[in-house]
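A.B. asks: Numbering (full-length UniProt numbering), first residue to last: 1 to 186.
Each residue gets a CB set at the ideal place from its N, CA and C atoms; glycine is no exception.
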Amino acid sequence: MTQAIVRVRWNLRVWRPKLFYGFLNQGGDGLPHLPQYKGEVYGFDGGKKVKGRKRHVLVDSLGLLLKVVVTAANTSERLASAYALLELWDEYQQCLNRVKVLWVDGGYSGDKFALAVWLMIQARVEVIQRMGPDFEILPKRWVVERTFGWLNWYRRLSKDYERLTEMSEAAIYAVMTRIMLKRLAA
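1) Just to confirm my understanding: we take W118, look at its own chain, exclude 5 residues before and 5 after, and list those with CB closer than 8 Å. What are they?
2) Buried or exposed: which applies to G107, given that a residue is buried once 16 or more other Cβ atoms fall within 10 Å of its Cβ?
3) Could you tell me the boundaries of the beta strand (DSSP E) in which G52 lies?
4) Where does E162 fall in DSSP's three states?
5) According to the Cβ coordinates, are D160 and I128 closer than 8 Å?
6) Are the beta-carbon atoms belonging to G63 and T147 less than 8 Å from one another?
7) When you compare only the Cα positions, how much space is there between V175 and L88?
8) Is A171 near R156, with beta carbons less than 8 Å apart?
9) Evaluate L151 with the Cβ neighbour count: other Cβ atoms within 10 Å of its Cβ, from every protein chain shown; 16 or more gives buried, anything less gives exposed.
10) Give the C-beta separation of H56 and A82 to the nearest angstrom, bearing in mind that I take them to be a contact with Cβ-Cβ under 8 Å.
11) Quick check for students: name the residue ranges of the alpha helix (DSSP H) that lie wholly in the segment 98 to 172, counting only runs of 4 or more.
12) From F113 to V101, what distance separates their C-alpha atoms?
13) Determine the burial state of S76: buried for a count of at least 16 other Cβ atoms within 10 Å of its Cβ, exposed for fewer.
14) Using the three-state DSSP reduction, which class does T75 fall into: helix, strand or coil?
15) Is DSSP giving L64 helix, strand or coil here?
16) Look at the alpha carbon of V99 and the alpha carbon of V68, and state the distance between them as a whole number of angstroms.
17) Could you give the distance in angstroms between the alpha-carbon of L85 and the alpha-carbon of A116?
18) Sort L65, T71 and E91 by Cα distance to M167 and report the nearest one.
19) Drop a sphere of 10 angstroms on the beta-carbon of W103, count the other beta-carbons inside from all chains shown, and report buried for 16 or more, exposed for fewer.
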């Protein structure tokens, strides 16, 4: 609840009269998992060749966290994001009614996912695809990547130290609340 209040105050402080956009992405290349602390949820992503967990985050157009879901690395991005949107819908129905476009990376593509998003929040899904294997700055994706950059400055979030996924999610909310409070105080 505290994180939501701080996000609203931050949005009021830097409010811009534009459409409200959402960004959905998974964090980094997966989280390295410490072998001595095998948590309840643990998997292997064959596409990225990573063991551990994934952080699926939904942020607004300023990069402020709306929802985070931590899953095993082998969990489908579409399934985790649908779960995140469903949980978010219960909490912030008024806020999600303003979302017009949801930008996602390639892992969240698909007609069924786009239909589920449309039925839930009446938002259009735009997939931001890479054009080739080389590095390139993708439009709009930098907003969510910047959020991951902010989170990775904190030691507790740089690796997966948590046993439970709920603790990982709570740590992310706590860090994001601290980041927003620091910016409000400045």
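C.D. replies: Let's see:
1) Translated into positions along the sequence shown, residue 118 becomes position 118. Taken in chain order, the residues that qualify are R124 and V125.
2) Taking the sequence shown and counting its residues from 1, the one referred to as residue 107 is at position 107. Buried is the call here.
3) By 1-based counting over the sequence shown, the position of residue 52 is 52. Segment V50 to D60, the beta strand (DSSP E) holding G52.
4) Position 162 of the sequence shown, counted from the first residue, corresponds to residue 162. The three-state reading of DSSP puts E162 in coil, since its state is none of H, G, I, E or B.
5) Along the sequence shown, read from residue 1 onward, the residue named residue 160 stands at position 160. Along the sequence shown, read from residue 1 onward, the residue named residue 128 stands at position 128. Contact: no.
6) In the sequence shown, the residue the question calls residue 63 occupies position 63. In the sequence shown, the residue the question calls residue 147 occupies position 147. In contact: G63 and T147 (Cβ atoms closer than 8 Å).
7) Within the sequence shown, the letter at position 175 stands for residue 175. Within the sequence shown, the letter at position 88 stands for residue 88. If you take the alpha carbons of V175 and L88, they lie about 19 Å apart.
8) What you label residue 171 is simply residue 171 of the sequence shown in a count that begins at 1. What you label residue 156 is simply residue 156 of the sequence shown in a count that begins at 1. Yes, the Cβ-Cβ distance between A171 and R156 is below 8 Å.
9) As a position in the sequence shown, residue 151 is number 151, starting the count at 1. L151 should be labelled buried.
10) Taking the first residue of the sequence shown as 1, we reach residue 56 at position 56. Taking the first residue of the sequence shown as 1, we reach residue 82 at position 82. About 10 Å separates the CB atoms of H56 and A82; that is not less than 8 Å, and the two are not in contact.
11) Whole alpha helix (DSSP H) segments, 4+ residues: 111 to 121, 141 to 152 and 155 to 158.
12) Taking the first residue of the sequence shown as position 1, residue 113 is located at position 113. Taking the first residue of the sequence shown as position 1, residue 101 is located at position 101. Whole-angstrom Cα-Cα distance: 14 Å.
13) Here residue 76 refers to the residue found at position 76 of the sequence shown. Exposed is the call here.
14) Counting from 1 along the sequence shown, the entry for residue 75 is found at position 75. DSSP places T75 in coil when its eight states are reduced to three.
15) As a working mapping, residue 64 is identified with position 64 in the sequence shown. If DSSP states are grouped into helix, strand and coil, L64 belongs with coil.
16) Indexing the sequence shown from 1 puts residue 99 at position 99. Indexing the sequence shown from 1 puts residue 68 at position 68. Approximately 17 Å between the Cα atoms of the pair.
17) One-based indexing of the sequence shown puts residue 85 at position 85. One-based indexing of the sequence shown puts residue 116 at position 116. Rounded to whole angstroms, L85 to A116 spans 10 Å at the Cα level.
18) By 1-based counting over the sequence shown, the position of residue 167 is 167. Comparing Cα positions, the closest option is T71.
19) Mapped onto the sequence shown, residue 103 falls at position 103. The residue in question, W103, is buried, as its Cβ has 16 or more Cβ neighbours within 10 Å.
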